[in-house]
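A.B. asks: With mature numbering (1 follows the signal peptide of the UniProt record, and there is no 0) as the guide, the letters of the sequence shown map in order to residues -19 to -1, 1 to 343.
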Amino acid sequence: MRTALVIGTGLIGTSAALALSARGVAVHLRDRDPDSVSTAASRGAGSAEPPAGPVDLAVVAVPPAHIATTVAELQREGVARGYLDVGSVKGGPRRELVERGGDLSLYLGTHPMSGREKSGPLAASADLFEGRPWVLTPTAQTQTEVLNLALELVALCQAVPVVMDADAHDRAVALVSHTPQLLSSLVAARLESADETAVRLCGQGIRDVTRIAASDPRMWLDILSANPGPVADVLAAVADDLDETVRALRALESADQHKRAEGVEGIEGILRRGNAGRSRVPGKHGQAPTAYETVVVLISDQPGELARIFADAGRAGVNIEDVRIEHATGQQAGHVQIMVEPQAAARLSEALRERGWAIRQG
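(1) Go ahead and pull the three-state DSSP assignment for residue 195.
(2) Report the partner residues of residue 64 according to the DSSP bridge assignment.
(3) Could you check what DSSP says for residue 8 in three-state terms: helix, strand or coil?
(4) Following the continuous beta strand (DSSP E) through residue 280, name the residue where it begins and the one where it ends.
(5) Suppose the cutoff is 8 Å on Cβ atoms and the five residues either side in sequence are ignored; what does the same chain contact list for residue 148 look like?
(6) Residue -14: buried (16+ other C-beta within 10 angstroms of its C-beta) or exposed?
(7) Mind reading off the beta-carbon distance from residue 36 to residue 61? Whole number of angstroms is fine, and I expect it under 8 Å.
(8) Which of the three DSSP states is assigned to residue 318 in this structure?
(9) Counting C-beta neighbours from all protein chains within 10 Å, is the total for residue 138 16 or more, i.e. buried, or is it exposed?
(10) Is the beta carbon of residue 195 less than 8 Å from the beta carbon of residue 111?
(11) Please return the same chain residues whose Cβ sits closer than 7 Å to the Cβ of residue 180, not counting the five positions on each side in sequence.
(12) Tell me which same chain residues have a C-beta within less than 8 Å of the C-beta of residue -19, skipping the five on either side of it?
(13) Can you tell me which residues form a DSSP beta bridge with residue 144?
(14) May I have the straight-line CA-CA distance separating residue 95 from residue 109, to the nearest angstrom?
(15) Based on the DSSP output, what are the partners of residue 308 in its beta bridges?
(16) Specify the secondary structure class of residue -15 as computed by DSSP and reduced to three states.
(17) Cα-Cα, which of 158, 43, 232 and 207 is closest to residue 12?
(18) Out of 88, 46 and 32, which has the shortest C-alpha to C-alpha gap to residue 128?
(19) Assuming residue 16 is part of the alpha helix (DSSP H), what are its boundary residues?
(20) So is the beta-carbon of residue 189 under 7 Å away from any non-hydrogen atom of the ligand MN?
(21) Return the CA-CA distance between residue 242 and residue 233, expressed in angstroms with no decimal places.
(22) Whose CA, out of -3, 17, 224 and 16, lies closest to the CA of residue 9?
(23) For the candidate residues 228, 261 and 235, whose alpha-carbon lies nearest to that of residue 250?
(24) Check residue 189 in the structure and name its three-state DSSP category.
(25) From residue 203 to residue 33, what does the alpha carbon distance come to, in whole angstroms?
(26) Near residue 297, which residues of its chain fall below 7 Å by C-beta distance, leaving aside the five closest residues on each side in sequence?
(27) DSSP puts residue 44 in a beta bridge; with which residues?
(28) Indicate the three-state DSSP secondary structure (helix, strand or coil) for residue 176 in the structure shown.
(29) When DSSP labels each residue in this structure, what does residue 344 get in the three-state scheme?
(30) On the DSSP letters alone, give me the boundaries of the alpha helix (DSSP H) that residue 224 sits inside.
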């Protein structure tokens, strides 16, 4: 791949353009918003000038509702040898492209499984896709050359290709992406009118659950409008679980011992099902989940504190598998939760204590 045209200079389009440009591909940018194109170009994502002739690959990074129309128009213009989109929904846009007379042999629907709560070219990053799955949904009509161009794009973005059926993809993302977004928003919505005293008690748990609720509502309305059925199916199942959970909690309020026992059984059941589901989420590098031990270190909110902890862990010969920070309410301090292999936890704790860190086991 030597040349590419990226249509849509938001987070995903600009990130792909940055990755391609960094690896020597001549990228041209197009967007209905000239300011967005200018911003992306100023960051080194590519040129705002149109290509002199057909490019190798056109990357369509527009909302799902506009994918089919955009691809059909680009194909009529003959701007590229191959066309792909990076939208989060695959089945509907492909069917609409057929209805619009598009050429499926030159088109491939794809979806990089990566993103941020922020949107726009300023939030983009060349390493956004690094190590992340990138779904490809080829059909029997897809030309080998187009598939190869898509695989080259994925490689240049340092992502991991995953081949799926389009409708299976849409059901999968309804479960692992679209429904979690709505559930996060539903939980966060409870905080809107909550008493200030309650909000001040927010800890890492509520921050974890509501992190993605900060996402752009307009973007998510586009996504959910393109995949409403599968998302509604998952939410309906969640609603059934919620009904059962509410009934179990009400039973725990009862003075009747039998009802309380039923309540305990119901709550324990949903918690254990949650344990089982969480255990299936891939761990580090996509491997089976590993149970790490947590070493909790008290730090002050000063420059260089994290770097010191990481350096001290390195001197102790301990690899940090994951890290989280929980800030203390009303204090210029917090706790760093360092996840390490169980056999390394005691060694790390001892080494950090020797270097003056305040430690408590997590």
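All C-beta atoms in this analysis are idealised placements derived from N, C-alpha and C, irrespective of residue type, glycine included.
C.D. replies: Per the coordinate set shown:
(1) helix
(2) 39 and 88
(3) strand
(4) 274 to 281
(5) 71 and 72
(6) buried
(7) 5 Å between Cβ atoms; contact.
(8) strand
(9) Burial state of residue 138 is buried, judged by a 10 Å Cβ sphere holding 16 or more other Cβ atoms.
(10) no
(11) 172
(12) 1, 6, 37, 38, 130, 133, 134 and 137
(13) 117
(14) 7 Å
(15) 315
(16) strand
(17) The residue with the shortest Cα to Cα distance from residue 12 is 43.
(18) 88
(19) 15 to 23
(20) Within the structure as shown, the ligand MN is missing, as the structure has no ligands at all.
(21) 8 Å
(22) -3
(23) 228
(24) helix
(25) 33 Å
(26) 328, 329 and 332
(27) According to DSSP, which records beta bridges pairwise, residue 44 is partnered with nothing at all.
(28) In this structure, residue 176 counts as coil in the three-state DSSP scheme.
(29) No answer is possible for residue 344: the residues shown for the chain start at -19 and end at 343.
(30) Annotation: the continuous alpha helix (DSSP H) that includes residue 224 extends over 209 to 233.
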